[in-house]
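Peer 1:
Residue numbers (UniProt numbering), protein chains in the order written: chain A, 1 to 483; chain B, 1 to 483.
(1) Are any of the Cβ atoms in chain A nearer than 8 Å to that of residue 309 of chain B?
(2) Quick one: Cα of residue 427 of chain B to Cα of residue 160 of chain B, how far?
(3) Confirm, please, whether the CB-CB distance from residue 274 of chain A to residue 510 of chain A is below 8 Å.
(4) Between residue 320 of chain A and chain B, is the shortest Cβ-Cβ distance under 8 Å, so that the two count as touching?
(5) In the DSSP assignment, the alpha helix (DSSP H) including residue 391 of chain B goes from what residue to what residue?
(6) Residue 216 of chain B to residue 361 of chain B, Cα distance in whole Å?
(7) How do the stretch 349-356 of chain A and the stretch 364-374 of chain A stand: do at least 3 beta-carbon pairs fall below 8 Å, yes or no?
(8) Just checking: is the beta-carbon of residue 384 of chain A within a distance shorter than 8 Å of some beta-carbon in chain B?
(9) Between the stretch 309-322 of chain B and the stretch 143-152 of chain A, are three or more C-beta pairs nearer than 8 Å?
(10) By alpha-carbon positions, which one of B/87, B/73 and B/92 ends up nearest to residue 83 of chain A?
(11) Measure the Cβ-Cβ separation of residue 373 of chain A and residue 358 of chain A and say whether it is below 8 Å.
(12) Measure the alpha-carbon distance for residue 487 of chain B versus residue 381 of chain B and round it to whole angstroms.
(13) On the DSSP bridge assignment, give the partners of residue 495 of chain B in chain order.
(14) Output needed for residue 397 of chain A: all residues of its chain with C-beta closer than 6 Å, excluding positions within five of it in sequence on either side, in chain order.
(15) Among the candidates A/410, A/424, A/421 and A/435, whose CA atom is the shortest distance from the CA of residue 180 of chain A?
(16) Does the CB of residue 55 of chain B have a neighbour CB from chain A at under 8 Å?
(17) Have a look at residue 298 of chain A and residue 187 of chain A and give me their C-alpha separation to the nearest angstrom.
(18) Between residue 253 of chain A and residue 115 of chain A, what straight-line distance do the alpha-carbon atoms span, to the nearest angstrom?
(19) Taking only the alpha-carbon atoms, compute the straight-line gap between residue 334 of chain A and residue 45 of chain A and give it to the nearest angstrom.
(20) Out of curiosity, what's the CA-to-CA distance linking residue 170 of chain A and residue 149 of chain A?
(21) Would you say residue 331 of chain A faces chain B, with C-beta separation under 8 Å as the test?
(22) Under 8 Å: do the stretch 246-260 of chain A and the stretch 325-340 of chain A share three or more Cβ pairs, one atom per stretch?
(23) Return the residues of the stretch 293-306 of chain A that lie within a Cβ-Cβ distance of less than 9 Å from chain B, sorted by chain order.
(24) For residue 136 of chain A, does the count of other Cβ atoms within 10 angstroms reach 16, so buried, or fall short, so exposed?
(25) Applying the criterion that 16 or more other CB atoms from any shown protein chain within 10 Å of the CB defines a buried residue, is residue 195 of chain A buried or exposed?
(26) Can you give, in chain order, each stretch of the alpha helix (DSSP H) that sits fully within the stretch 116-203 of chain B and has at least 4 residues?
(27) List the endpoints of the continuous beta strand (DSSP E) containing residue 291 of chain A.
(28) Find the residues of chain B that neighbour residue 218 of chain A, judging by a C-beta separation of less than 7 Å, and give them in chain order.
(29) State the start and end residues of the unbroken alpha helix (DSSP H) segment that holds residue 303 of chain A.
(30) Say whether the stretch 219-232 of chain A touches the stretch 196-207 of chain A, bearing in mind that this needs 3 or more beta-carbon pairs closer than 8 Å, one atom from each stretch.
(31) Looking only at C-alpha atoms, which of A/55, A/19 and A/24 sits nearest to residue 389 of chain A?
(32) Are the C-beta of residue 375 of chain A and some C-beta of chain B separated by less than 8 Å?
(33) Taking C-alpha atoms, which residue in A/422, A/277, A/445 and A/441 lies nearest to residue 43 of chain A?
(34) Could one say the Cβ of residue 18 of chain B lies closer than 8 Å to chain A's Cβ atoms, at least one of them?
(35) Just the chain B side, please: which residues come within less than 8 Å of residue 258 of chain A by C-beta, in chain order?
(36) Would a C-beta distance cut-off of 8 Å place residue 127 of chain B and residue 304 of chain B closer than the cut-off?
Here you go:
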């Protein structure tokens with residue numbers, strides 16, 4: 001860019017090193033490249049039916065109708081209505097970084113409900129931040145000095161590199177997880193990640209986990225949470241749990257929050273435990289930028305609250321969201337219906353893919369499937385994965401996100417988001433994947449058949465495959481051979 | 001705090017150095033102490049009429065009625081009304097860090113109007129941030145590496161230490177200004193600040209100015225702006241201008257923005273120029289957290305936009321504010337009426353104080369007076385100023401902010417905010433100051449009179465003084481002797 005210019009006189013850059021080091025991670029990442037590809041050619045049912053369908057965005061668009069109905073019934077909840085404008089002045093002026101008391105109370109209650117009422121949250125420990133993005137960075141600033149590290153299981157959310165490392169100068173070090181046990185964290189992988197850091201003289205300040213996991217769509221069990229608490233305790237490091245998908249759990253096992261595990265473990269040092277929540281995923285309100293840090297450490301609460309000056313939630317939004325979440329009937333109804341719709345949508349994708357022999361990791365939460373396309377790789381390398389990704393984006397016209405973007409070291413896994421579209425688009429997306437897979441499988445069959453000097457009947461073409469979904473059932477040996 | 005504990009096993013702090021170094025500046029600052037004192041004993045006309053009146057808050061509460069009227073007439077502007085709810089889903093989902101296009105356009109238009117239509121702003125250079133607080137920090141991250149410095153004229157806004165230095169590890173170095181020329185920046189003071197940094201091997205990355213000034217309430221003239229542009233150009237450093245009070249200019253001379261000066265100076269390198277705006281002061285919407293960076297440098301625009309992920313404006317607020325600021329008639333009417341009411345309120349304070357011989361720096365903008373109480377100091381030191389401040393807060397029951405909080409090195413100046421209260425409270429605040437000053441003057445008189453072995457008539461007591469404001473006119477030699 002023009003402004004990052006080398007100053008010829010002084011011989012130094014005029015901007016900061018940070019401004020030009022690419023630490024935000026948006027360059028050279030297929031994750032963001034996919035978004036850009038979508039932006040250039042976005043799918044629209046009538047205006048651009050052959051455009052790219054956005055499946056790289058973990059957005060929840062399934063239940064806005066419930067909120068719209070609530071808005072119609074509660075005009076006084078907004079300061080921008082005839083019924084609510086008497087609060088306008090007080091709310092517009094409100095800039096206390098503690099937040100509106102009823103907002104914090106309502107958020108705490110909502111967090112409890114998402115966790116099945118099995119834990120209590122103290123509204124005075126709720127710290128606002130600019131979305132989960134701001135919450136993660138704030139925690140990193142509070143806990144780590146430049147160069148310090150957090151251990152994190154791979155695969156993990158691509159933008160964590162930005163959130164945890166860019167401006168804080170902290171680092172993320174991988175805990176290697178493998179498909180052999182469905183990417184669960186093992187004690188040995190955790191210990192090994194810690195020891196590797198020690199050997200490199202890197203100070204480990206904590207472990208960062210995401211539950212339900214993005215990109216896996218799975219929840220952690222109690223045993224794993226207790227092991228992590230115990231490890232953190234033993235090593236005197238922090239345990240941060242990102243639970244921004246807590247309200248999206250739609251199947252069994254049920255969601256066990258870190259707070260629940262903590263309550264059950266009297267030996268755990270609470271001062272090492274911090275939880276990040278948000279309304280972006282559970283309620284589908286990413287634009288509202290409501291992030292929350294819930295820390296069990298008084299000093300972190302105090303420091304993070306001061307830092308919230310840099311990313312406070314708009315008081316207009318605090319007021320509205322506070323009113324909505326204070327409606328107990330509404331939140332109960334919403335969470336149940338949200339889970340039901342997510343479960344249905346998950347079934348559309350996971351089931352639709354299963355019919356062509358594509359397996360997804362069995363998920364019970366989140367807004368995505370973790371899809372196993374290892375059988376479609378030309379070669380089992382990062383380059384092989386990137387090649388397949390390019391075909392899926394460029395030809396199949398689906399913006400899915402490759403495992404490499406999540407630092408996954410097993411090539412061939414892809415995240416597909418399923419809740420950011422309507423039913424018709426979802427059907428079309430599934431159809432595109434299936435047609436693509438079947439085409440690939442047909443080619444393999446052709447090669448195999450060619451090898452036997454045989455040929456397939458002419459009717460076995462792409463359109464037919466699309467219309468006869470059972471032709472390649474999961475039971476087909478051809479399909480099994482590719483997975 | 002409990003969580004900042006020294007870990008006995010490992011012998012190191014569990015939190016970051018930043019979390020415990022007090023770099024946020026809230027401790028040991030009379031500025032924040034005054035807020036805390038107010039919080040403990042807040043004035044209320046009926047419930048606590050002897051409580052502390054908040055004059056430490058640069059808030060603009062004078063024109064909310066205009067906005068409330070607009071809201072009543074424009075229910076479709078909100079996504080939380082029957083009339084506007086059809087936009088709810090699209091807006092709630094919107095998380096593009098470029099911001100809603102019509103929001104950026106409306107903000108650019110509003111910025112132009114505040115500057116008298118003499119400059120144009122490109123909506124594509126508008127970068128959102130979490131209030132001006134977030135904007136300042138973002139610029140510091142973009143321009144400075146840890147240890148680098150910005151030069152800033154004193155007195156300056158206390159929280160700049162937090163915004164520019166805390167998490168960025170940059171520094172602010174003072175450009176010394178003096179009451180002898182109404183605290184204007186001189187070429188020699190600027191050069192001297194720059195040279196001092198050079199001698200200390202500190203790399204200077206820019207100059208930070210605030211126009212209209214907080215705490216002075218004055219605007220900069222064209223000549224000064226051109227000199228600063230020329231200095232920045234010559235030294236290849238940045239010039240940041242905080243113009244968050246641009247829409248509060250209520251008297252002559254009119255506001256000259258840095259952009260206007262830049263347009264008139266073809267030799268200036270635009271890539272060095274950055275402007276910060278906000279809606280918190282001009283429109284009295286601090287709770288909405290609408291900050292804006294307007295940079296003339298492409299690379300800064302690109303980098304700051306990526307950083308805006310940490311403090312984006314709520315899409316609910318973007319939508320509402322975008323609609324309101326797009327209403328040309330409304331913004332014209334608002335700005336005119338805002339200036340008129342501010343001018344009136346300023347006159348109440350400056351005039352009221354003048355009647356007891358207290359001079360304020362002649363202001364034409366902002367939400368405060370810079371009040372000269374040097375004549376009331378027991379000793380002309382920082383301690384003398386702090387003593388006087390304690391009396392004003394504790395006995396006069398006004399939370400004013402002492403010059404030391406603004407890094408002013410001339411003791412005896414105080415900032416009093418006048419737009420965060422209603423007319424009645426304003427009258428009472430003026431009365432309290434006048435009674436206090438007159439009491440002090442009476443004591444001086446008594447001492448003087450005692451020296452001549454005379455005594456004052458009994459009627460000359462505190463209540464009488466309050467009722468006979470002309471008794472101590474600015475023309476009184478007694479008053480002049482104290483200023």
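Idealized CB from N, CA, C, for every residue including glycine.
Peer 2: Taking the geometry as given:
(1) Residue 309 of chain B counts as touching chain A.
(2) Looking at the backbone, the Cα of residue 427 of chain B and that of residue 160 of chain B are separated by about 31 Å.
(3) Nothing can be reported for residue 510 of chain A, as the shown portion of chain A is limited to 1 through 483.
(4) It does; some Cβ of chain B falls within 8 Å.
(5) Going by DSSP, residue 391 of chain B is part of the alpha helix (DSSP H) stretching over 382-394.
(6) Take the alpha-carbon of residue 216 of chain B and the one of residue 361 of chain B: they are about 7 Å apart.
(7) Verdict: yes, contact present.
(8) No, its Cβ sits nowhere closer than 8 Å to a Cβ of chain B.
(9) Flag = no, the stretch 309-322 of chain B and the stretch 143-152 of chain A do not touch.
(10) Nearest Cα to residue 83 of chain A within the set B/87, B/73 and B/92: B/73.
(11) In this structure, residue 358 of chain A lies closer than 8 Å to residue 373 of chain A by Cβ.
(12) With chain B covering only 1 through 483, there is no way to say anything about residue 487 of chain B.
(13) There is simply no residue 495 of chain B to check, as chain B begins at 1 and stops at 483 in what is shown.
(14) Excluding positions up to five away in sequence, the list reads 52.
(15) Ranking A/410, A/424, A/421 and A/435 by Cα distance to residue 180 of chain A puts A/410 first.
(16) Cβ-Cβ to chain A under 8 Å: no for residue 55 of chain B.
(17) Approximately 30 Å between the Cα atoms of the pair.
(18) Each residue's CA atom was taken as its position, placing residue 253 of chain A and residue 115 of chain A some 13 Å apart.
(19) Distance between the alpha carbons of residue 334 of chain A and residue 45 of chain A is about 28 Å.
(20) If I take the Cα positions, the gap works out to 6 Å.
(21) Not one chain B Cβ lies under 8 Å of residue 331 of chain A.
(22) Two segments are said to touch when three or more pairs of C-beta atoms, one from each, lie closer than 8 Å; by this definition the stretch 246-260 of chain A touches the stretch 325-340 of chain A.
(23) Residues of the stretch 293-306 of chain A that bring their beta carbon within less than 9 Å of a beta carbon in chain B comprise 295, 296, 297, 298, 299, 300, 301, 302, 303, 304 and 306, in sequence order.
(24) Around the beta carbon of residue 136 of chain A, 16 or more other beta carbons lie within 10 angstroms, which makes this residue buried.
(25) Residue 195 of chain A is exposed by the Cβ-count criterion.
(26) You should have 131-143 and 187-199.
(27) Where residue 291 of chain A is concerned, the enclosing beta strand (DSSP E) stretches over 290-295.
(28) Ordered by position in chain B, no residue passes the 7 Å Cβ test against residue 218 of chain A, which lies about 25 Å from the chain.
(29) That run of the alpha helix (DSSP H) goes 298-307.
(30) Counting Cβ pairs under 8 Å, three or more are found: they touch.
(31) Cα-wise, what sits closest to residue 389 of chain A is A/55.
(32) Look at residue 375 of chain A: its C-beta is not under 8 Å from any C-beta on chain B.
(33) Of the candidates A/422, A/277, A/445 and A/441, the one whose C-alpha sits nearest the C-alpha of residue 43 of chain A is A/422.
(34) At least one beta carbon of chain A lies nearer than 8 Å to the beta carbon of residue 18 of chain B.
(35) Within 8 Å Cβ-Cβ: nothing; residue 258 of chain A doesn't reach chain B, min ~17 Å.
(36) Cβ atoms of residue 127 of chain B and residue 304 of chain B: closer than 8 Å.
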